[in-house]
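A.B. asks: The UniProt record's numbering puts the first residue of the sequence shown at 1, with every later residue one more than the last.
Every residue, glycine too, gets a C-beta built ideally from N, C-alpha and C.
If you're wondering where the values come from, they're calculated on a predicted model, not measured in any experiment.
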Amino acid sequence: MSPGSTSKTTQSAGNVAGPNRAGPRRGPLHSSMGDEAIKQVKRQAFKTSSTIRLSSSTSLAATKSANAMSTKNNHTLDILAKAEAGGYGVLSQVCYDWAEVVGVIRAAERFKAPVIVQLFPVTLQYGGGPFLQLLLDMAHNASVPVSVHLDHATNDEQLELAVGLAEKGIKFDSIMVDASHADTDEENINIAIPWIKRCNAAGVRTEVELGRLEGGEAGLRQVEGTILTDPAKAEEFLKRTGADILAPCVGNRHGSYVPFGGADGQWDMQLLETLSKQFKGRIPICAHGTDELPEHMWGQMIKAGVSKINVNSWIRDPYIENLCEGLKTKPMPEAIEDATEVVINECEKLFKLFGCIGKA
Ligand SMILES: [Zn+2]
Numbered sequence: 001m002s003p004g005s006t007s008k009t010t011q012s013a014g015n016v017a018g019p020n021r022a023g024p025r026r027g028p029l030h031s032s033m034g035d036e037a038i039k040q041v042k043r044q045a046f047k048t049s050s051t052i053r054l055s056s057s058t059s060l061a062a063t064k065s066a067n068a069m070s071t072k073n074n075h076t077l078d079i080l081a082k083a084e085a086g087g088y089g090v091l092s093q094v095c096y097d098w099a100e101v102v103g104v105i106r107a108a109e110r111f112k113a114p115v116i117v118q119l120f121p122v123t124l125q126y127g128g129g130p131f132l133q134l135l136l137d138m139a140h141n142a143s144v145p146v147s148v149h150l151d152h153a154t155n156d157e158q159l160e161l162a163v164g165l166a167e168k169g170i171k172f173d174s175i176m177v178d179a180s181h182a183d184t185d186e187e188n189i190n191i192a193i194p195w196i197k198r199c200n201a202a203g204v205r206t207e208v209e210l211g212r213l214e215g216g217e218a219g220l221r222q223v224e225g226t227i228l229t230d231p232a233k234a235e236e237f238l239k240r241t242g243a244d245i246l247a248p249c250v251g252n253r254h255g256s257y258v259p260f261g262g263a264d265g266q267w268d269m270q271l272l273e274t275l276s277k278q279f280k281g282r283i284p285i286c287a288h289g290t291d292e293l294p295e296h297m298w299g300q301m302i303k304a305g306v307s308k309i310n311v312n313s314w315i316r317d318p319y320i321e322n323l324c325e326g327l328k329t330k331p332m333p334e335a336i337e338d339a340t341e342v343v344i345n346e347c348e349k350l351f352k353l354f355g356c357i358g359k360a
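1. Should GLY169 be listed as close to ligand 1, given that the test is whether its C-beta is under 7 Å from any heavy atom?
2. Quick one: give me the first and last residue of the alpha helix (DSSP H) that ASN190 is part of.
3. By DSSP, does LEU119 sit in helix, in strand, or in coil?
4. Using 8 Å as the threshold, is the C-beta distance between ILE285 and LEU238 below it?
5. Thinking just about the alpha-carbon of each residue, which of THR241, VAL306 and ALA335 is nearest to the one in ILE79?
6. Which residues bound the beta strand (DSSP E) around GLU209?
7. Take GLU167 and list the residues in its own chain whose beta-carbon comes closer than 6 Å to its own, dropping the five residues that flank it on each side.
8. Going by DSSP, name the residue or residues bridged to HIS296.
9. Here's a check: name, in chain order, each residue in its chain whose Cβ is nearer than 7 Å to the Cβ of GLN158, leaving out the five neighbours to either side.
10. Shortest alpha-carbon distance to GLY289 belongs to which of TRP314, LEU271 and GLU109?
11. Find out if the Cβ-Cβ distance for the pair ARG221, THR274 is shorter than 8 Å.
12. According to DSSP, is SER307 helix, strand or coil?
13. Which value, in whole angstroms, describes the spacing of the CA atoms of GLU100 and ASN188?
14. I'd like to check one pair, GLY358 with LYS112: are the Cβ atoms closer than 8 Å?
15. With H, G and I counted as helix, E and B as strand and the rest as coil, what does DSSP make of GLY289?
16. Quick one: is the Cβ of ASP291 within less than 7 Å of any heavy atom of ligand 1?
17. Using alpha carbons as the reference points, say which of GLU217, ASP230, GLU236 and TYR126 lies closest to ILE193.
18. Check THR227 in the structure and name its three-state DSSP category.
19. If I measure Cβ to Cβ from TYR96 and keep anything under 7 Å in the same chain, skipping five residues before and after, which residues do I get?
20. Can you look up residue 361 in the DSSP assignment and give me helix, strand or coil?
21. Is the separation between the beta-carbon of ASP264 and that of MET297 shorter than 8 Å?
22. Could you check how far apart the C-beta atoms of GLN125 and ASP151 are, in whole angstroms? I think they sit under 8 Å.
23. Is the Cβ-Cβ distance between VAL148 and ASP173 less than 8 Å?
24. Exposed or buried, THR206, counting other C-beta atoms within 10 Å across all chains shown (16 or more means buried)?
25. Is there at least one non-hydrogen atom of ligand 1 closer than 7 Å to the beta-carbon of HIS288?
26. Starting from ALA113, follow the alpha helix (DSSP H) in both directions and report where the run begins and ends.
27. Starting from PRO248, trace the beta strand (DSSP E) both ways and give me its first and last residue.
28. Assign CYS249 to one of two classes, buried (16 or more other C-beta atoms within 10 Å of its C-beta) or exposed (fewer than that).
29. Would you list the one or two residues that DSSP bridges to ALA153?
30. According to DSSP, is GLY87 part of a helix, a strand, or is it coil?
31. Could you check whether ALA108 and VAL102 sit closer than 8 Å to each other, using their CB atoms as the reference points?
32. Return the Cβ separation of ASP291 and GLY242 in integer angstroms, given the expectation that the two are a contact with Cβ distance under 8 Å.
33. With a threshold of 16 other CB atoms inside 10 Å of the CB of ASP261, please say whether the residue is buried or exposed.
34. Flag this pair as yes or no: are the beta carbons of ARG198 and THR226 separated by less than 8 Å?
35. According to DSSP, what are the bridge partners of GLN93?
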């Protein structure tokens, strides 16, 4: 535990990372649709499936114009500044393959909602620079604001890959420089500063975590020991590191809340509000650890000032389940198209809860 940080007693959850968790995951968010409703959505999907524009002179011009208007000249920060001012949340979805990205961007275009597509380092390591370039082209030529973010870059190898690509011109809009595993805040700062300097020089903005989230997700390391974010230390931390986005720990955790009796009561919404007010208009607040949240908590966190909402399994699991089932009986392109539509449906549910429909 770092000196001065508030500790919170927690118990080890064991390895709960990955999609095969026990217990309720989705609750009312995943209410079943009637057959006719599903057919209607599918009909609409085929009508609008061409709305994603990978490159057109019109959308490129629109992107350039949007850049010129941006106060921060950065896709992620611009999206988050508008969300904070407008009192809505932005879906920041972890994507594992290109079809999931297509689904998230189609959803953003269909519902006129800004979104952030984010990768874990393991996916960047798998696809490398060409895959990142593809995502950047897709995101930045969409008809609505879409940025591309790297989540939880925690070690030198992961950071070198991402920052090295940025220095060669293949740039994430933003990168989470995550040294929250450090033993002390001082060590966290010292690890983060050189990477943040290189990111800033390359035109990439950064997110940092102060405090420590316990738990793990597929593709992330397992972390033990919750440390709540101290507001006074957060001010110094952001000032010294020069980071742009804060991921605080307010009792949120990665992976399952089931062994802890659910997420309700684990999150200190008062602390979240204190931090949001403290950094309002300066540093956007990002919520991590959103698996299994009951429906009312999304609105609570947005009311408390969160603008960037990281989501993983809510969209990943229905997408993968549908794709795996579909591939058993359908031709591959049809199975992928249908699974992409599942991503869009799941995004819509979250967009409604986040209040971001029509905000792009
Ligand atoms: Zn996270």
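C.D. replies: From the atom records:
1. Checking the Cβ of GLY169 against ligand 1 gives no.
2. Start and end: 185 to 202.
3. When secondary structure is reduced to three states using DSSP, LEU119 falls in the strand class.
4. Not a contact, by the Cβ cut-off of 8 Å.
5. Per the Cα distances, VAL306.
6. Looking at the DSSP string, the run of the beta strand (DSSP E) that includes GLU209 is 205 to 210.
7. Cβ within range, chain order: ALA202.
8. According to DSSP, HIS296 bridges with nothing at all.
9. Beyond the five residues adjoining it in sequence on each side, GLN158 comes within less than 7 Å, by CB distance, of PRO121 in the same chain, given in chain order.
10. Nearest in C-alpha terms to GLY289, of all of TRP314, LEU271 and GLU109, is TRP314.
11. Between ARG221 and THR274, the CB-CB gap reaches or exceeds 8 Å.
12. For SER307, the three-state secondary structure derived from DSSP is strand.
13. Distance between the alpha carbons of GLU100 and ASN188: 33 Å.
14. Closer than 8 Å, so yes.
15. Here GLY289 carries a coil assignment [DSSP, helix/strand/coil].
16. It does not: the Cβ of ASP291 is nowhere closer than 7 Å to a heavy atom of ligand 1.
17. Nearest of GLU217, ASP230, GLU236 and TYR126 to ILE193, Cα basis: GLU236.
18. For the sequence presented, residue 227 should be read as Ile rather than Thr. Strand at ILE227.
19. Within the same chain, TYR96 has close Cβ partners THR123 and ARG316.
20. It is not possible to answer for residue 361, since the shown part of the chain is limited to 1 through 360.
21. For ASP264 and MET297, yes; Cβs fall inside 8 Å.
22. Contact flag wrong, Cβ pair sits at about 13 Å.
23. VAL148 places its beta carbon less than 8 Å from that of ASP173.
24. The residue is buried, with at least 16 neighbouring Cβ atoms inside 10 Å.
25. Within the cutoff, so yes.
26. Segment: none, ALA113 is in no alpha helix (DSSP H) and carries neither H nor E.
27. Counting along the chain, the beta strand (DSSP E) containing PRO248 begins and ends at 245 to 248.
28. So CYS249 counts as buried.
29. In DSSP, ALA153 forms a bridge with VAL177.
30. It is coil, neither helix nor strand.
31. Not a contact, by the Cβ cut-off of 8 Å.
32. That belief does not hold up - the Cβ atoms of ASP291 and GLY242 are roughly 31 Å apart, past 8 Å.
33. What sits at residue 261 in the sequence shown is Gly, not Asp. GLY261 counts as exposed, since fewer than 16 other beta carbons sit within 10 angstroms of its beta carbon.
34. Against a cut-off of 8 Å, the Cβ pair of THR226 and ARG198 comes out as no contact.
35. Under DSSP, the beta-bridge partners assigned to GLN93 are VAL117 and VAL311.
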